[in-house]
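According to our numbering, the stretch in the sequence shown is residues 38 to 376, in order.
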Amino acid sequence: MITTTKKVTALFVLGCLTATNIFADNMSSKKEQEPSMEQYVPPAQPLGKDGSLNYYLKAAYTLWAPYNNATTYGTGIGTASLRGNILQANTYAASGFKVGAGANLDHDGWHLGATYTWFLHDPATTGDAVNAGQDYYSIQDIALTLNSASSKYKIQFNRIDAMIHRNFYIGHYVAFRPWLGLLASWDTQNLNYNTTGDDDITVRSRLKQTWWGIGPYGGAEATYYITNHFGLYISSGASMLLTEKTNTSYFYSTTADAPAVENFIENNKGNQNDVEPLLEASLGVRYESLWEKVSLRIDLAWETQTYLMHTSFLEIGDSVPTRTNYSMQGLTATARVSF
Numbered sequence: 038m039i040t041t042t043k044k045v046t047a048l049f050v051l052g053c054l055t056a057t058n059i060f061a062d063n064m065s066s067k068k069e070q071e072p073s074m075e076q077y078v079p080p081a082q083p084l085g086k087d088g089s090l091n092y093y094l095k096a097a098y099t100l101w102a103p104y105n106n107a108t109t110y111g112t113g114i115g116t117a118s119l120r121g122n123i124l125q126a127n128t129y130a131a132s133g134f135k136v137g138a139g140a141n142l143d144h145d146g147w148h149l150g151a152t153y154t155w156f157l158h159d160p161a162t163t164g165d166a167v168n169a170g171q172d173y174y175s176i177q178d179i180a181l182t183l184n185s186a187s188s189k190y191k192i193q194f195n196r197i198d199a200m201i202h203r204n205f206y207i208g209h210y211v212a213f214r215p216w217l218g219l220l221a222s223w224d225t226q227n228l229n230y231n232t233t234g235d236d237d238i239t240v241r242s243r244l245k246q247t248w249w250g251i252g253p254y255g256g257a258e259a260t261y262y263i264t265n266h267f268g269l270y271i272s273s274g275a276s277m278l279l280t281e282k283t284n285t286s287y288f289y290s291t292t293a294d295a296p297a298v299e300n301f302i303e304n305n306k307g308n309q310n311d312v313e314p315l316l317e318a319s320l321g322v323r324y325e326s327l328w329e330k331v332s333l334r335i336d337l338a339w340e341t342q343t344y345l346m347h348t349s350f351l352e353i354g355d356s357v358p359t360r361t362n363y364s365m366q367g368l369t370a371t372a373r374v375s376f
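This is the structure we're talking about:
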């Protein structure tokens with residue numbers, strides 16, 4: 038009995054050792070076959086003959102149009118046979134640019150980059166269609182009879198954003214790039230409009246807002262590659278800006294007398310501090326080409342960015358100005374060189 042027990046125990050121990058060795062060999066083989074984390078999410082930055090291309094420069098041409106409901110300054114009082122016109126300063130697509138640079142941080146494929154954006158919308162003063170002799174409501178809900186009206190809306194916009202970002206593959210044909218950083222922006226807006234009544238008195242309004250904001254900035258971009266060189270991409274970003282704005286307004290009237298007589302009406306100034314959200318998105322096509330020590334990427338996209346509750350022009354009699362959103366959107370063509 039004792040001999041039999043010893044034999045069974047010896048066979049059991051031998052079987053356990055054999056199973057353990059087989060399991061260990063299988064685990065070792067599995068570990069060798071499993072890809073590393075870098076193989077799961079390999080960096081998607083351009084690779085030259087000697088490894089990663091560590092620096093990049095980019096430049097963009099923008100053709101954007103500004104949109105701002107604060108440029109409306111009068112509404113015609115319609116009748117059964119005559120429609121009232123909305124008096125609003127015209128806006129047009131205007132040219133701008135972006136410039137940027139970046140470098141590889143040599144840390145898991147992350148890059149550091151910065152971009153400066155410049156935009157100027159400065160059209161000539163344009164006449165706005167009015168129904169001569171018809172009553173209009175001004176922004177201040179004052180009824181007046183107009184013979185003519187003209188207006189001009191101007192904005193000078195600047196923005197700087199700095200970020201860390203990483204471009205990596207999440208599939209054979211899809212690349213993903215998240216970013217996190219800091220954004221600073223500032224602009225100056227002017228709205229000038231003139232209205233002339235049937236009494237030949239012209240009321241001239243000069244509204245101005247200066248604004249700056251700074252805050253954290255984050256977003257992501259996804260690219261689907263149709264071929265090795267061509268792809269489609271979509272990106273979105275957001276920021277929460279700590280802002281300060283200063284609004285000034287000046288109103289006066291002139292008569293048709295010779296010489297013209299200028300009469301002061303009102304002069305206002307106000308300051309506001311607030312937190313202002315920014316939302317942006319772009320959708321476009323991409324071309325990429327790679328040589329031994331340099332790569333070229335060209336993007337053509339439709340881009341939009343909106344600053345919520347951004348504009349607060351002070352009108353006549355305003356104690357609390359109306360706040361409206363400001364947005365820019367249009368075409369952006371970008372060229373980026375990595376080396």
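Virtual Cβ for every residue (Gly too), placed ideally from N, Cα, C.
Does the Cβ of residue i have 16 or more other Cβ atoms within 10 Å, making it buried, or fewer, making it exposed?
i, result
"F376", "exposed"
"P358", "buried"
"T371", "buried"
"L228", "buried"
"S132", "exposed"
"A293", "exposed"
"G137", "buried"
"K67", "Only weak support is given to the placement of K67: the predicted model assigns it a pLDDT of 39, under 50, and the value that follows is read from those uncertain coordinates. It counts as exposed."
"I192", "buried"
"K282", "buried"
"H266", "exposed"
"T264", "exposed"
"A102", "exposed"
"P72", "Unreliable placement is indicated for P72, whose pLDDT of 44 sits below 50; the coordinate value is still reported in the next sentence. Answer is exposed; the Cβ neighbour count stays below 16."
"L269", "exposed"
"D224", "buried"
"Y261", "exposed"
"D87", "A caution first: D87 carries a pLDDT of 48, below 50, which makes its placement in the model too unreliable to give a value."
So the beta strand (DSSP E) residue i belongs to, where does it begin and stop?
i, result
"I251", "T239 to Y262"
"R214", "V211 to G234"
"K123", "Lys is not the amino acid found at residue 123; the sequence shown has Ile there. Unbroken beta strand (DSSP E) run through I123: I123 to Q125."
"T152", "H148 to H158"
"R203", "First-last for R203: undefined, no H or E at that position."
"N305", "E299 to L327"
"W284", "Residue identity check: residue 284 is Asn in the sequence provided, not Trp. F267 to T291 is the span of the beta strand (DSSP E), which, as asked, contains N284."
"T163", "T163 to D165"
In angstroms, rounded to a whole number, what distance separates the CA positions of residue i and residue j?
i, j, result
"S364", "H209", "36 Å"
"T182", "T108", "20 Å"
"Q76", "Y206", "At Q76 the pLDDT is 48, less than 50, meaning the model places this residue with poor confidence and gives no usable figure here."
"S276", "I123", "33 Å"
"V167", "D336", "43 Å"
"N106", "S349", "11 Å"
"S326", "S332", "6 Å"
"S188", "Y104", "15 Å"
"Y190", "Q226", "7 Å"
"E317", "I271", "11 Å"
"G367", "N305", "34 Å"
"T162", "W328", "50 Å"
"Q125", "A140", "45 Å"
"Y230", "N91", "52 Å"
"D311", "L279", "6 Å"
"N308", "N284", "6 Å"
"G111", "V298", "24 Å"
"D143", "K95", "20 Å"
"T369", "W147", "25 Å"
"A97", "D237", "48 Å"
"L315", "G121", "35 Å"
"T154", "L220", "11 Å"
"S242", "Q342", "28 Å"
Looking at the strands, I want to know which residues DSSP matches up with residue i.
i, result
"M346", "Bridge partners of M346: none, in fact."
"R373", "K95 and R334"
"T359", "BP columns for T359 are empty, so no partner."
"N195", "W155 and W223"
"N105", "Y363"
"N141", "H148"
"D294", "In DSSP, D294 forms no bridge with anything."
Let me make sure I understand the geometry here. Which of the options has the alpha-carbon closest to that of residue i?
i, options, result
"N200", "I192, S188, N308 and R214", "According to the sequence provided, residue 200 is Met. The question's Asn does not apply to it. It is R214 whose Cα lies nearest to the Cα of M200."
"A259", "R203, M346 and Q226", "R203"
"G113", "G255, Y173, Y92 and E313", "Y173"
"P253", "Y270, T233 and G218", "G218"
"R196", "D165, F134, T264 and D237", "F134"
"R334", "H144, R360, D237 and V374", "V374"
"H165", "S185, G268, T361 and K245", "Position check: residue 165 holds Asp in this sequence, whereas His was assumed. Residue S185 is the option with its Cα nearest to D165."
"T291", "H347, P160, G121 and T232", "T232"
"D159", "K95, Y129 and A151", "Y129"
"K245", "L351, T343, G321 and A97", "L351"
"Y344", "R323, E313 and Y324", "E313"
"S273", "R360, T361, G321 and F301", "G321"
"V211", "A97, Y93, T361 and R323", "R323"
"I302", "W339, I353, H148 and Y153", "I353"
"L100", "M346, S286 and E340", "E340"
"G234", "Q171, L220, R243 and Y93", "Q171"
"F194", "G150, H347 and R360", "H347"
"A286", "T247, I251 and D145", "What sits at residue 286 in the sequence shown is Ser, not Ala. Cα-wise, what sits closest to S286 is T247."
Give a single yes or no on whether residue i has its beta carbon closer than 6 Å to a heavy atom of the ligand ATP.
i, result
"T285", "This structure lacks the ligand ATP, and indeed carries no ligand of any kind."
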